[in-house]
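Novice: Below is a structure I'd like to ask you about.
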Amino acid sequence: MSAAAVEAAPAAPSGSLIRKIAWHWRYDEKRELWIGWWTLVIFYNLYGVLFFVLARTQPPPEPSLTPAEIVQWFADRHYGLLYGYALVFIVGGATAIMNATLAYTMRRMSVSRAFAYSYLVIYALATLPGMLIMGVVCTVGAMRPDRDPELMSWLYDFAFLSFEGTMGVFLIGSLVWMTAVLLDKNRVFPKWFGYLNLCNALTEVVVAPAWIFKRGVFAWDGAIAWWINMAVFVTYTAVFLSLLRKMILREDFGTGPLPELESESTGALEAAS
Amino acid sequence: MKTAASTASNPRAMARGHADDGRFVPGQPDMWAFVLFEALVFTSYFTVYVIRRTQSSDLFLQSQSHLDLRVGVFNTLVLLASSWFVARCVQAARERSFRAALNNAYLTMLFGFVFLVSKVIEWTTEIERGFSFTTDEFFSFYYFLTGIHFLHLLIGFVFLGVAVYQLQSPARRSQEMVETCATYWHTIDFLWVLIFALLYVMR
């Protein structure tokens with residue numbers, strides 16, 4: 505948006521939410537970044553509802569179920585799987601906007617563009633096993649529940665192992681982001697977020713035993729391989745959404761260090777005096 | 005704003021090794037956030053271990069008897085020694101004795117390396133005796149906890165490398181970075197002491 509257009513912008517309206525949205529849509533120079541941020545927030549909330557409530561494929565069921573139990577598992581979720589994954593496929597493309605927004609943070613850093621490019625490629629790949637393949641396989645199982653139980657077992661294992669297969673992608677993705685944050689001199693994110701990426705990466709490693717165990721804490725539904733890993737991931741996601749929002753507020757579209765928010769600089773000055 | 009004079013006149017701050025820049029913890033406070041978060045994650049692993057151990061205490065006790073306590077003690081002493089050397093490294097860097105600081109950083113690496121080698125030998129011995137990752141639940145925990153700690157230690161070598169890089173040139177020598185790296189190293193030492201107590205000692 506040109507400087508002239510920004511100068512001509514009227515003051516932001518107060519009151520009606522619709523009028524506020526309309527104002528931001530028309531005059532806010534950070535419009536695209538906010539669209540990216542809201543896409544992330546809405547997607548993660550939808551992901552929770554679709555996977556945990558509608559399709560009920562998360563938390564994952566036991567890997568040790570017998571073929572008969574697996575057939576029953578598909579039958580219990582017949583409509584949830586069909587409708588849930590139909591919606592997942594509709595919103596799945598939003599991951600492109602989300603990944604682009606996150607890669608933008610690395611482009612704003614003082615580091616090589618290779619970080620943003622690696623991040624984009626690796627998370628574009630993550631969508632395939634973590635969401636799309638799992639969705640197709642679960643839908644195939646739900647669509648014809650009268651198949652041979654052995655075939656249903658095959659689909660069941662394929663779906664959940666495909667989901668688990670994203671662990672390496674999240675591991676490397678977190679390490680890419682960590683390195684970028686720690687090397688960055690533009691203060692796009694605080695250094696502790698770099699270290700939090702390391703924590704997240706290390707909890708992805710503990711998913712690896714899920715490929716070996718069918719029961720217990722290391723299986724794909726286990727306390728260590730799933731519950732602790734998910735607790736760390738949810739915390740990590742909440743933190744980066746909050747930091748990303750702050751980063752957009754601070755964004756000045758320059759190339760040097762990001763300015764601090766006015767309220768924080770005032771607080772720092774008061775503390776110093 | 006804090007000044008060098010005000011810090012120098014504060015013996016408590018000096019004793020805690022504060023530089024004159026108003027820092028309240030050694031190294032980057034960001035690293036302490038990592039320490040806190042890792043402590044929480046490991047606490048959750050330990051909690052799961054203790055719960056499972058309580059539920060199958062006979063199996064855990066029987067399998068635990070196959071571990072060699074002397075190896076665990078040796079591991080612990082080696083890692084404590086490495087932590088002592090990294091503390092000496094920080095102290096020497098504060099006193100601007102950079103040659104001594106570098107030597108202590110190399111000794112930390114050496115002891116860390118001894119720990120890694122002894123751990124690999126211990127794992128190999130256990131596997132040769134028929135105790136692998138899938139033998140039973142105790143050994144799953146044993147390989148998991150020692151393995152994830154091993155990985156943390158490998159990352160620790162990257163931090164030590166950063167500290168050595170900082171100490172090597174007068175153009176760099178960031179005391180804050182040296183302390184940050186030392187904080188990471190102390191954390192993995194601290195985590196090992198807990199793992200040692202849970203796997204080798206607790207009955």
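Quick mapping for you: the protein sequence lines, in order, are chains A and B. In terms of my numbering, the first sequence has 556 at position 52, counting the first letter as 1, and numbering is strictly consecutive. In terms of my numbering, the second sequence has 20 at position 16, counting the first letter as 1, and numbering is strictly consecutive. Even glycine gets a Cβ: it sits at the ideal position worked out from N, Cα and C.
1) Whole angstroms are fine: how far does the CA of Val-736 of chain A sit from the CA of Ala-37 of chain B?
2) Quick one: what does DSSP say His-70 of chain B is sitting in, helix, strand or coil?
3) How is Met-206 of chain B classed by DSSP in three states: helix, strand or coil?
4) Going along chain A in order, which residues have a C-beta closer than 7 Å to the C-beta of Glu-141 of chain B?
5) Buried or exposed for Ser-757 of chain A, please, with buried defined as at least 16 other CB atoms from any protein chain shown within 10 angstroms of its CB.
6) Give the straight-line distance between the Cα atoms of Ser-144 of chain B and Phe-89 of chain B, rounded to the nearest whole angstrom.
7) Helix, strand or coil for Val-710 of chain A? Go by DSSP, reduced to three states.
8) Select from B:Met-206, B:Thr-138 and B:Ser-173 the residue whose C-alpha is nearest the C-alpha of Ala-105 of chain B.
9) Quick one: which residues of the region 666-700 of chain A get their C-beta closer than 7 Å to a C-beta of chain B? List them in chain order.
10) From Arg-535 of chain A to Trp-529 of chain A, what does the alpha carbon distance come to, in whole angstroms?
11) Can you give, in chain order, each stretch of the alpha helix (DSSP H) that sits fully within the region 605-652 of chain A and has at least 4 residues?
12) With burial defined as no fewer than 16 other Cβ atoms inside 10 Å of the residue's Cβ, what is the status of Glu-132 of chain B: buried or exposed?
13) If I measure Cβ to Cβ from Trp-731 of chain A and keep anything under 8 Å in the same chain, skipping five residues before and after, which residues do I get?
14) If the cut is a Cβ gap below 9 Å, which residues of chain A does Ile-152 of chain B touch?
15) Report yes or no: do three or more beta-carbon pairs, one from the region 697-715 of chain A and one from the region 652-670 of chain A, lie closer than 8 Å?
16) Nearest to Val-168 of chain B by alpha carbon, out of B:Leu-111, B:Leu-83, B:Ser-67 and B:Ala-85?
17) Going residue by residue through the region 535-610 of chain A, where are the continuous alpha helix (DSSP H) segments of at least 4 residues, counting only ones entirely within it?
18) Is the shortest distance between the beta-carbon of Ala-17 of chain B and the beta-carbons of chain A less than 8 Å?
19) Nearest to Arg-98 of chain B by CA position, among B:Ala-201, B:Trp-196, B:Met-206 and B:Glu-180, is which residue?
20) Using the Cβ count rule (16 or more neighbours within 10 Å means buried), how would you classify Asp-652 of chain A?
21) For a quick check, are the C-beta atoms of Trp-196 of chain B and His-153 of chain B less than 8 Å apart?
22) Need the endpoints of the alpha helix (DSSP H) that Val-738 of chain A sits in, please.
23) Check the Cβ of Leu-702 of chain A against every Cβ in chain B and list those closer than 8 Å, keeping chain order.
24) Rounded to whole angstroms, how far is the Cβ of Phe-64 of chain B from the Cβ of Leu-198 of chain B, which I believe are closer than 8 Å?
25) Would you decide whether Ala-515 of chain A is buried or exposed? Buried here means 16 or more other CB atoms lie within 10 Å of its CB.
26) Are Arg-612 of chain A and Val-673 of chain A touching if we call contact CB-CB under 8 Å?
27) By DSSP, does Leu-198 of chain B sit in helix, in strand, or in coil?
28) Anything in the region 102-126 of chain B with a Cβ closer than 9 Å to a Cβ of chain A? List those residues in chain order, please.
29) Please report the straight-line C-alpha distance between Leu-81 of chain B and Tyr-583 of chain A, rounded to a whole angstrom.
30) Return the first residue and the last residue of the alpha helix (DSSP H) that Thr-47 of chain B is part of.
31) Compare the Cα-Cα distances from Arg-56 of chain B to each of B:Leu-155, B:Val-39, B:Tyr-146 and B:Val-45 and report the closest residue.
32) Could you tell me which of A:Thr-609, A:Asn-733 and A:Ile-522 sits nearest to Val-680 of chain A, measuring between CA atoms?
33) Residue range of the alpha helix (DSSP H) that Ser-178 of chain B falls in?
34) How many angstroms separate the CA atom of Trp-538 of chain A from the CA atom of Ile-752 of chain A?
35) Give a yes or no on contact between the region 583-597 of chain A and the region 566-574 of chain A, applying the rule of three or more CB pairs nearer than 8 Å.
Specialist: Reading it off the structure:
1) Taken atom to atom, the span from the alpha-carbon of Ala-37 of chain B to that of Val-736 of chain A is near 14 Å.
2) His-70 of chain B falls in the coil class under three-state DSSP.
3) When DSSP states are grouped into helix, strand and coil, Met-206 of chain B belongs to the coil group.
4) Residues of chain A passing the Cβ test: Gly-720.
5) Sequence check: residue 757 of chain A is Phe here, not Ser. By the C-beta density criterion, Phe-757 of chain A is exposed, having fewer than 16 other C-beta atoms within 10 angstroms.
6) If you take the alpha carbons of Ser-144 of chain B and Phe-89 of chain B, they lie about 32 Å apart.
7) Residue state, collapsed to three classes: coil.
8) Comparing Cα positions, the closest option is B:Ser-173.
9) Correct list: Pro-694, Lys-695, Trp-696, Tyr-699 and Leu-700.
10) Spanning the two alpha carbons is a distance of roughly 6 Å.
11) The region 605-652 of chain A contains these whole alpha helix (DSSP H) runs: 617-631 and 638-647.
12) Glu-132 of chain B is exposed by the Cβ-count criterion.
13) Beyond the five residues adjoining it in sequence on each side, Trp-731 of chain A comes within less than 8 Å, by CB distance, of Pro-563 in the same chain, given in chain order.
14) For Ile-152 of chain B, the residues of chain A that pass the 9 Å Cβ criterion are Leu-706, Val-709 and Val-710, in the order they occur in the chain.
15) Between the region 697-715 of chain A and the region 652-670 of chain A, the count of Cβ pairs shorter than 8 Å is three or higher; the stretches touch.
16) That would be B:Leu-111, whose Cα lies nearest to the Cα of Val-168 of chain B.
17) Entirely contained in the region 535-610 of chain A, the alpha helix (DSSP H) runs reaching 4 residues are, in chain order, 535-552, 571-580 and 582-595.
18) Unreliable positioning characterises Ala-17 of chain B in this predicted model, as indicated by a pLDDT of 41, which lies under 50. The coordinate reading is nonetheless provided below. Chain A, which has no Cβ nearer than 8 Å to the Cβ of Ala-17 of chain B, makes this no.
19) Cα-wise, what sits closest to Arg-98 of chain B is B:Glu-180.
20) Taking all protein chains in view, the Cβ of Asp-652 of chain A is surrounded by fewer than 16 other Cβ atoms within 10 Å, so the residue is classified as exposed.
21) Yes. Within cutoff.
22) Counting along the chain, the alpha helix (DSSP H) containing Val-738 of chain A begins and ends at 733-754.
23) What Leu-702 of chain A touches in chain B: Phe-38 and Ile-159.
24) In this structure Phe-64 of chain B is not in contact with Leu-198 of chain B, their Cβ atoms being roughly 17 Å apart against a cut-off of 8 Å.
25) Around the beta-carbon of Ala-515 of chain A, fewer than 16 other beta-carbon atoms lie within 10 Å, marking it exposed.
26) Remark: C-beta atoms of Arg-612 of chain A and Val-673 of chain A do not approach each other more closely than 8 Å.
27) In this structure, Leu-198 of chain B counts as helix in the three-state DSSP scheme.
28) Listed by position, the residues of the region 102-126 of chain B near chain A (Cβ gap below 9 Å) amount to none.
29) So the alpha carbons of these two residues sit roughly 59 Å apart.
30) 33-59 is the extent of the alpha helix (DSSP H) around Thr-47 of chain B.
31) When each option's Cα is compared against that of Arg-56 of chain B, the closest is B:Tyr-146.
32) With distances taken between Cα atoms, Val-680 of chain A lies closest to A:Thr-609.
33) Taken as a continuous stretch (DSSP letters only), Ser-178 of chain B belongs to no alpha helix (DSSP H), as it is neither H nor E.
34) If you draw a straight line from the Cα of Trp-538 of chain A to the Cα of Ile-752 of chain A, it is about 8 Å long.
35) Too few Cβ pairs lie closer than 8 Å, so no.
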